[in-house]
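Asks: Residue numbers (the UniProt record's numbering): 1 to 75. All C-beta atoms in this analysis are idealised placements derived from N, C-alpha and C, irrespective of residue type, glycine included. Keep in mind that this is a model prediction, so the values were computed, not measured.
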């Protein structure tokens, strides 16, 4: 699996999610924090699952899947 292609697809998907959340918020201007969180979680859970799944498959295909936890360099 090509990691650059994976990230390009995830970027496009995340942009669509952000646009959808903006439209959703416009339609629900008085929503509570809990409502925003629930909607965001629903939208982002799928993106997170695809990120984890695709990167895991790419790592396995490259033979670099290791045990142990490594942190994202952005943290």
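Going by beta-carbon coordinates alone, are residue 10 and residue 51 separated by less than 7 Å?
Replies: Cβ atoms of residue 10 and residue 51: closer than 7 Å.
Asks: Less than 8 Å between the CB atoms is what I'm expecting for residue 58 and residue 3, so what's the real figure, rounded?
Replies: Between residue 3 and residue 58 the Cβ distance is about 5 Å, and since that is below 8 Å, they are a contact.
Asks: To the nearest whole angstrom, what separates the beta carbons of residue 17 and residue 54, a pair I think is in contact under 8 Å?
Replies: With a Cβ gap of about 16 Å, residue 17 and residue 54 do not count as contacting.
Asks: With distances taken between CB atoms, is the gap from residue 76 to residue 47 smaller than 7 Å?
Replies: Past the boundaries of the shown model lies residue 76; the chain is included only from 1 to 75, so the question cannot be answered.
Asks: According to DSSP, is residue 34 helix, strand or coil?
Replies: In the structure shown, residue 34 sits in a helix (DSSP, three-state: H, G or I).
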